[in-house]
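**Student:** Take a look at the following structure, please.
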Ligand code: ATP
Ligand code: MG
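Structure below.
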């Protein structure tokens, strides 16, 4: 392809709203163009790379027996009502009516549609296993779309769904997809980590996320030895209890703490370490009933852990100040568990404290020498904190280190959640009706595209991996008026075409400096410089984008040299 025959416009400057390198580079290279917040056009270069990712995904799935379909973006409300997700998904689901007042949403995910698709087809035990996938546009009304394709509102996802007869068979399907994902992300050339992820109310460790490791990743990954989990769920080892030490419960005492509303202020004033102060937080459960959670002063509450502990569909909502006052008679900062008539859940790290300080449920007062049992009943103890670097992982007994990642894939064992809600059943060998076991498997195809740029760039531009680069070769033709040069170019073009190597020829009337800058920005793996000077010497310059290594190659060996570099 010649530059003057295609539609590429590079930018010197990135737009102000592009915060991270990959977003800036995707825009500057003209791979994508913003239409509205979180909504982009894939221009030709971006689309070429996207198609190469799709091809890798299709190859790895097709060879594992997955079957491709294409389901609709527009989905009727009735299907989403069957699983109660019309309500549960909240405002993330973009809903609208057609001219007949029928309600629809844009597909944020396709469990409902695919379960509806198969429930009429998979009737016999002979029909299994099945794995159905598509590469389709999704829409999620993200509150804060950002980082370009990383968190879009409209984005491209590969979503697959497995259907099995038994839990064991469903585990095999899960494993197969896990391996497919390993193969896909390896072929794309990622440095990635696989971490345990939130399974919601389903439980078990049958949910893994695939993360591209990158400084600007939105997710924190907690890694301890060969265990890795998303921060959302990373468990922390409970401290060993102090049963062996006799602790005298001291007399409960109220004391004035005027204007001391934060843990840090309280710690400074009392001289007690933040980790030994106890803070009380208030939430609402699914029945709108309030409950309290006790945490050590230096810990942060983890809403996902709370959601899972209390078997809720979504993380609990925090009470606002007014609601806290209604429950406690005090403002946040002066509240505590003593005298409350609501459930009180306590983090394991609080469980080992004694004679501790809490709010007195009276503004500007605290209680000291508070003890479990004597002063209040704890409903249940659990792990409710956000893990921190250095915390001990109960799986390995070793401390955690933190890495940042971009979630590009997610495999999830669903069990019978959707098949049950939607009546997807089959008849087993004995003619007995059974509910289908399901799994779902997503790859953020458009996010993957940008994640690759995030992991592969330098100060000059993108450094595309060979696997998905829009073009493999960038030829800078420096003087298209030179007939000898054009004939040499045509020869190289012919040879590259015959070898099935895709290339872009920069045939614009621009200075060499401009062309080289753009070649670095676009970042295809190999650059060839075709100038009049080189032609006379009989040698052409070949540059490897990733290492910037320059090679002088005899003209008739250029295509072989390129082939060698691309295959290495
Ligand atoms: P996130 O936690 O990043 O919001 P998610 O866990 O809600 O994502 P899934 O439902 O697991 O997303 O979707 C499957 C894949 O789709 C994700 O692993 C991710 O790669 C991609 N994805 C999800 N949301 C977006 C988005 N807003 N923009 C681009 N890709 C997305
Ligand atoms: Mg996910």
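Residue numbers (the working numbering): 1 to 568.
All residues carry an ideal CB built from backbone N, CA and C; glycine is no exception.
Quantities reported herein were computed from a predicted structural model and do not represent experimental measurements.
#1: Out of 184, 335 and 217, point me to the one whose CA is closest to residue 454's CA.
#2: Terminal residues of the continuous beta strand (DSSP E) containing residue 159?
#3: Going by DSSP, what residue range makes up the alpha helix (DSSP H) through residue 576?
#4: Could you check how far apart the C-beta atoms of residue 532 and residue 155 are, in whole angstroms? I think they sit under 8 Å.
#5: Give the straight-line distance between the Cα atoms of residue 191 and residue 184, rounded to the nearest whole angstrom.
#6: Of all residues in the structure, which have a C-beta closer than 7 Å to any heavy atom of the ligand MG, taken in chain order?
#7: Checking 7 Å against the spacing of the C-beta atoms, do residue 476 and residue 520 come in under that value?
#8: Looking at the ligand ATP, does it come within less than 6 Å of residue 444, judged from the CB to the closest heavy atom?
#9: According to DSSP, simplified to helix, strand and coil, what is residue 505?
#10: Any chance you could list the alpha helix (DSSP H) runs of at least 4 consecutive residues sitting entirely within the segment 164–226, in chain order?
#11: Given that a residue counts as buried once 16 or more other Cβ atoms are within 10 Å of its Cβ, and exposed if not, what is residue 401?
#12: Could you tell me which whole alpha helix (DSSP H) segments of length 4 or greater appear in the segment 342–423?
#13: Check whether the segment 118–126 and the segment 420–431 touch, using three or more Cβ-Cβ pairs below 8 Å as the test.
#14: At a cut-off of 6 Å, would you count residue 255 as near the ligand ATP, judging by its Cβ distance to the nearest heavy atom?
#15: Could you check which residue in 78, 222, 559 and 126 has the C-alpha nearest to that of residue 113?
#16: In this structure, how does DSSP classify residue 20 when only helix, strand and coil are distinguished?
#17: Let's see if you can read the secondary structure: which residues bound the beta strand (DSSP E) around residue 442?
#18: Starting from residue 253, follow the alpha helix (DSSP H) in both directions and report where the run begins and ends.
#19: Which residues bound the alpha helix (DSSP H) around residue 514?
#20: Give the straight-line distance between the Cα atoms of residue 366 and residue 351, rounded to the nearest whole angstrom.
#21: Out of 46, 37, 38 and 412, which has the shortest C-alpha to C-alpha gap to residue 28?
#22: Hey, would you say residue 108 sits closer than 7 Å to residue 140, going by beta carbons?
#23: Please report the straight-line C-alpha distance between residue 550 and residue 188, rounded to a whole angstrom.
#24: Using the Cα positions of residue 104 and residue 92, report the straight-line distance between them to the nearest angstrom.
#25: Whose CA, out of 128, 530 and 501, lies closest to the CA of residue 511?
**Tutor:** Here's the rundown:
#1: Taking the first residue of the chain shown as position 1, residue 454 is located at position 454. Checked all of 184, 335 and 217; the closest Cα to residue 454 is 217.
#2: Counting from 1 along the chain shown, the entry for residue 159 is found at position 159. Note, residue 159: beta strand (DSSP E), 154–164.
#3: The structure shown does not extend to residue 576, since the chain is modelled only from 1 to 568, so the question has no answer here.
#4: The residue you call residue 532 lines up with position 532 of the chain shown. The residue you call residue 155 lines up with position 155 of the chain shown. No, residue 532 and residue 155 are not in contact; Cβ-Cβ is about 46 Å, not under 8 Å.
#5: By 1-based counting over the chain shown, the position of residue 191 is 191. By 1-based counting over the chain shown, the position of residue 184 is 184. Rounded to the nearest angstrom, the two C-alpha atoms are 12 Å apart.
#6: 197, 209, 407, 410 and 442
#7: Here the question's residue 476 lines up with position 476 in the chain shown. Here the question's residue 520 lines up with position 520 in the chain shown. No, the Cβ-Cβ distance between residue 476 and residue 520 is not below 7 Å.
#8: Start at 1 with the first residue of the chain shown, and residue 444 comes out as number 444. Yes.
#9: Indexing the chain shown from 1 puts residue 505 at position 505. The answer is strand: DSSP assigns residue 505 an E or B state.
#10: 167–188
#11: In the chain shown, residue 401 corresponds to position 401, counting from 1. Flag for residue 401 reads exposed.
#12: 348–351 and 417–422
#13: yes
#14: Counted from its first residue, the chain shown places residue 255 at position 255. No.
#15: Numbered from 1 along the chain shown, position 113 holds the residue referred to as residue 113. For the residues 78, 222, 559 and 126, the minimum Cα distance to residue 113 belongs to 78.
#16: Residue 20 sits at position 20 when you count from the first residue of the chain shown. Of the three classes helix, strand and coil, the one that applies to residue 20 here is coil, per DSSP.
#17: Counted from its first residue, the chain shown places residue 442 at position 442. Where residue 442 is concerned, the enclosing beta strand (DSSP E) stretches over 437–444.
#18: Stepping through the chain shown from its first residue, residue 253 is reached at position 253. Unbroken run through residue 253 is the beta strand (DSSP E), 253–256; no alpha helix (DSSP H).
#19: In the chain shown, counting from the first residue as 1, residue 514 sits at position 514. Taken as a continuous stretch (DSSP letters only), the alpha helix (DSSP H) holding residue 514 covers 512–522.
#20: As a first step, residue 366 is located in the chain shown; it is residue number 366 there, counting from the start. As a first step, residue 351 is located in the chain shown; it is residue number 351 there, counting from the start. Looking at the two C-alpha atoms, the distance is approximately 19 Å.
#21: Stepping through the chain shown from its first residue, residue 28 is reached at position 28. Considering only alpha carbons, the answer is 46.
#22: As a first step, residue 108 is located in the chain shown; it is residue number 108 there, counting from the start. As a first step, residue 140 is located in the chain shown; it is residue number 140 there, counting from the start. Cβ distance < 7 Å, so residue 108 and residue 140 count as in contact.
#23: By one-based count along the chain shown, residue 550 stands at place 550. By one-based count along the chain shown, residue 188 stands at place 188. Roughly 25 Å separates the two Cα atoms.
#24: Walking along the chain shown from the start, residue 104 turns up at place 104. Walking along the chain shown from the start, residue 92 turns up at place 92. Between residue 104 and residue 92, the C-alpha separation is close to 14 Å.
#25: Position 511 of the chain shown holds residue 511. When each option's Cα is compared against that of residue 511, the closest is 530.
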